[in-house]
Amino acid sequence: HAESGAKAWLRYAPVKLAAPLPQRMVVLDKAVTVRSAAFELRRGLLSMTGAAPVSVPVSGYVSGLGLDAQPEFVLGTVTEVRKALPGWHAPVGLKLDGYALETFRNHGQTDLIIAGRTPRGVLYGTFALLETLGEHSELKQLQIASSPSAPIRWADQWDNLNGSIERGYGGRSIFFNDGHVRANLARVGQYARLLASVGLNGVDVNNVNASPQMLSPETIAGLGRIADVMRPWGVRVAISVDFRSPETLGGMKTFNPKDPQVIAWWRQKVNALYQAIPDFAGFTVKADSEGQAGPSQYGLTPAAAANMLAGLLRPHGGVVMYRAFVYNNHLDWNDKKADRARAAYDIFHPLDGKFASNVVVQIKNGPIDFQVREPASPLYAGLRHTNEAMELEVTQEYLGQARQTVYLVPMWKKTLDFNMHAENRDTPVKSIVEGKAFHRPLGGYAAVVNVGLDANWLRNPLSMANLWGYGQLAWNPDQSAEEIASNWARLTFGDDPRIVSAVDSILLPSWHVYEDYTGPLGLETLTDITGAHYGPAPQSAERNGWGMWFRATHTGVGMDRTTATGTGFIGQYPPKVAAMYESLKTCPDDLLLFMHHVPYTHRLHDGKTVIQYIYDSHYAGAIAAQKFVDEWKTLHGLIDTERYEQVLGIQRYQAAYAIVWRDGITRYFYKMSGIADDKGRVGHY
Ligand code: GCW
């Protein structure tokens with residue numbers, strides 16, 4: 006059982022087949038990803054059904070058309086399958102990386118076709134087929150055509166060359182150790198397989214606070230080895246770069262992106278990268294942010310920096326993911342107009358249309374920083390002639406890390422589905438990052454994942470639902486949080502309805518529960534923001550330059566971000582959304598204190614006061630966290646002991662820590678407001 010955690014959702018548990026499957030397979034393509042697909046199909050079926058299909062030579066199959074009297078799995082690109090089975094018609098509209106799964110009558114037999122638009126699509130189709138079998142125990146009458154929502158679907162790792170991981174909770178880096186790329190990259194191959202199984206196609210392997218040594222000849226050679234291990238799974242390598250590298254690594258006197266020698270230096274690095282990695286995916290750039298150097302040093306814009314790098318990458322097919330997480334972390338607390346939430350829009354909106362075609366502006370889901378509840382970043386609607394990607398965080402930095410269970414899919418869905426009403430039409434955020442809303446050729450998703458050497462990747466087995474869910478949404482953001490959770494539970498733990506229902510009853514409410522016992526009503530997470538980002542420490546967010554303020558006084562609480570009297574942040578949204586947030590009547594309660602400063606006695610839409618809601622939600626959240634323990638206990642004997650015990654420990658800890666949160670926050674607000682809890686729970690200490 007020790008392996009269950011490592012296998013995650015790829016356990017391929019035995020199924021009782023409802024109908025026999027083909028015993029043979031024909032692999033029509035020699036591409037390395039198609040070979041992985043064939044390998045995976047055999048491995049999966051062997052494990053689930055006890056028999057792996059035998060590979061029959063293509064020549065026999067194709068030339069012998071008509072002689073073929075056996076049912077077969079047929080794997081290949083659409084073009085090849087069409088050649089082999091002239092009677093078959095590919096579904097229309099398959100996009101790059103898309104696939105078709107179809108049963109097909111061939112000479113009295115039923116073949117099972119796995120066809121990809123590209124070789125990579127064959128791999129995704131194979132994983133999808135195995136998933137379907139795992140979930141339903143049969144593959145009858147398959148008629149599935151599926152394409153990813155956007156071309157960019159990356160996992161980002163914040164790994165350092167020394168082997169540590171910034172905000173990583175699952176052990177040390179699988180890529181690096183001691184300043185070098187690891188000699189043994191076995192875990193990297195397993196990670197790439199896991200990512201491929203949910204349709205992810207790129208990994209940025211290092212911290213966005215990047216070491217210039219990422220561009221040393223030695224590291225570049227090592228990156229080549231990483232790419233070789235991930236390539237069979239269709240996963241391309243990208244790296245984060247330090248914009249100051251020409252100075253720090255190149256020994257030059259400047260890193261001005263307009264300087265011809267600086268450009269020549271970068272050109273030489275880009276060429277070396279493509280020598281080592283012909284399918285290198287590109288650069289992620291964090292510049293002018295949290296101490297990272299950037300173009301502002303030379304009075305230049307992010308567009309100038311991004312376009313210089315993009316110009317060098319373009320001939321090779323690479324992209325620049327330029328992060329919009331640029332803000333001043335020395336804001337003036339006394340300035341009531343200062344607002345970190347404004348920064349991304351203020352800096353990037355004026356540059357709309359100025360970015361090269363292979364630049365993607367990568368925008369965190371909310372305007373602050375992965376807090377428990379944030380509105381969708383207004384920048385999504387603020388760029389209409391620029392490619393965009395959504396940045397999410399699987400690693401639960403502010404959301405319980407690996408010690409508490411918080412299922413993030415409902416939170417991400419909220420942002421993806423949020424209608425920006427740009428140009429007064431329906432423009433949900435997902436339609437913008439997909440490139441549909443404003444007809445952009447490029448776009449997609451990047452999520453900070455931060456798996457580590459721990460056997461089960463993220464330490465908390467239930468956190469893997471977030472990695473699975475991220476892949477699912479990046480492929481198809483229309484899926485529901487419920488179906489994503491249930492499918493994951495089935496594949497990860499078993500398809501006994503009791504298992505699925507217990508796991509669902511923990512995962513589905515967990516985000517809201519966490520919000521209840523940490524920072525409800527849009528207060529943000531209220532955690533220690535200068536250190537580990539863990540545990541209740543509301544005062545740490547106030548009176549400093551970081552700008553994660555909620556401005557609690559003795560009379561009221563909340564950041565006034567209105568256009569009328571506040572920072573004007575709300576004015577960054579298209580008019581319809583701005584009007585909704587601006588008015589206390591229409592602003593949703595769950596973002597009230599993110600948008601407005603109100604007295605503690607202000608009444609929410611149901612008549613309860615703000616202060617009483619803060620008290621009540623914290624008590625309700627702590628009780629709900631305790632229920633997770635009871636739910637989990639119903640799984641005793643239904644799943645393996647190792648994961649049962651591990652999660653039980655985590656849920657018990659979470660239940661206890663929810664009380665620490667509850668007491669820390671309710672006492673803080675009691676002290677600030679001086680208003681007693683009407684149920685008499687707070688204030689008697
Ligand atoms: O959330 C914050 C993290 C930093 C991180 C930064 C970023 C890599 O606390 O650790 O730096 O965001 O996204 O750049």
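In full-length UniProt numbering, each number is its position in the sequence shown, counted from 1, plus 5.
Where a beta carbon is used, it is the ideal one built from N, C-alpha and C, also for glycine.
The model shown is predicted, which means the values in this text are computed figures rather than measured ones.
Practice item. Examine the Cβ distances between the region 593-608 and the region 367-381 and report whether three or more of them are shorter than 8 Å. Key: yes
Exercise for review: For residue 159, name the three-state secondary structure that DSSP assigns.
Suggested key: strand
Point to revise | Three-pair Cβ contact test at 8 Å for the region 176-185 versus the region 503-517 | key: no
Review point. Rounded to a whole number of angstroms, what is the C-alpha to C-alpha distance between residue 670 and residue 338?
Key: 22 Å
Exercise for review: Answer with buried or exposed for residue 276, where buried requires no fewer than 16 other C-beta atoms within 10 angstroms of its C-beta.
Suggested key: exposed
Point to revise | Residues of its chain near residue 678, where Cβ-Cβ distance is below 6 Å and the 5 sequence neighbours each way are ignored | key: 605 and 616
Practice item. Closer than 8 Å by C-beta to residue 357: which residues in its own chain qualify, once you throw out the five before and the five after it? Chain order, please. Key: 387, 388, 389, 390 and 391
Check your understanding: Looking at the structure shown, is residue 213 part of a helix, part of a strand, or coil, going by DSSP?
Key -> coil
Practice item. Please look up how many angstroms separate the CB atoms of residue 629 and residue 514, rounded, as I've assumed it's under 8 Å. Key: 7 Å
**Study point:** Closest Cα partner of residue 80 within the set 134, 291 and 100
**Key:** 134
Practice item. Note down the Cα distance separating residue 686 from residue 619, rounded to an integer number of angstroms. Key: 12 Å
Exercise for review: Specify whether the region 401-412 and the region 508-525 touch according to this definition: at least 3 beta carbon pairs, one from each stretch, less than 8 Å apart.
Suggested key: yes
Practice item. Using a threshold of 8 Å, state whether the C-beta atoms of residue 62 and residue 28 are closer than that. Key: no
Exercise for review: Look at residue 367 and residue 451 and say whether their C-beta atoms are less than 8 Å apart.
Suggested key: yes
Check your understanding: Where are the alpha helix (DSSP H) runs, 4 residues long or more, that stay fully inside the region 537-607, in chain order?
Key -> 580-587 and 597-600
Exercise for review: Might you give, ordered along the chain, the residues of its own chain that have their beta carbon closer than 7 Å to the beta carbon of residue 383, omitting 5 neighbours on each side?
Suggested key: 350, 372, 577 and 578
Check your understanding: Rounded to whole angstroms, how far is the Cβ of residue 400 from the Cβ of residue 173, which I believe are closer than 8 Å?
Key -> 6 Å
Practice item. Would you kindly check if the distance between the Cβ of residue 532 and the Cβ of residue 1 is under 8 Å? Key: Outside the displayed span of the chain (6 to 690) sits residue 1, for which this structure offers no information.
**Study point:** Under 8 Å between C-beta atoms of residue 655 and residue 627
**Key:** no
Review point. Mind checking residue 526: buried by the 16 CB within 10 Å criterion, or exposed?
Key: buried
**Study point:** Distance, residue 443 Cα to residue 582 Cα
**Key:** 18 Å
**Study point:** Option nearest residue 546 by Cα separation, candidates 329, 118, 540 and 534
**Key:** 534
Exercise for review: Take residue 24 and list the residues in its own chain whose beta-carbon comes closer than 7 Å to its own, dropping the five residues that flank it on each side.
Suggested key: 143 and 145
Practice item. Answer with buried or exposed for residue 682, where buried requires no fewer than 16 other C-beta atoms within 10 angstroms of its C-beta. Key: buried
Review point. To which residues of the same chain is residue 6 closer than 6 Å at the C-beta, ignoring the five residues directly before and after it?
Key: Residue placement at residue 6 is poorly supported in this model, since its pLDDT is 47, which falls under 50; the coordinates still yield a value, given next. Around residue 6: 645 and 647.
Review point. Shortest alpha-carbon distance to residue 1 belongs to which of 394, 253, 588 and 602?
Key: Because the chain in this structure spans residues 6 to 690, residue 1 falls outside the shown range and cannot be described.
Review point. Looking at C-alpha atoms only, which residue of 414, 83 and 187 is the closest neighbour of residue 105?
Key: 83
Review point. In or out: residue 640 buried (at least 16 other Cβ within 10 Å) or exposed?
Key: buried
Review point. Would the beta-carbon of residue 454 fall within 8 Å of that of residue 161?
Key: yes
Practice item. Return yes when at least one heavy atom of the ligand GCW lies under 7 Å from the C-beta of residue 165, else no. Key: no
Review point. Looking only at C-alpha atoms, which of 122, 52, 115 and 481 sits nearest to residue 34?
Key: 122
Review point. Should residue 538 be listed as close to the ligand GCW, given that the test is whether its C-beta is under 7 Å from any heavy atom?
Key: yes
Review point. Under 7 Å from any heavy atom of the ligand GCW, does the C-beta of residue 374 make it?
Key: yes
Review point. For residue 414, which residues of its own chain have a beta-carbon under 6 Å away from its beta-carbon, when the five flanking residues on both sides are left out?
Key: 474, 486 and 489
Exercise for review: Enumerate in chain order the residues of its own chain whose CB-to-CB distance from residue 55 is below 7 Å, with the five nearest sequence positions on each side excluded.
Suggested key: none
Exercise for review: Run the CB neighbour count on residue 278, radius 10 Å, all protein chains shown included, and call it buried at 16 or more, exposed below.
Suggested key: buried
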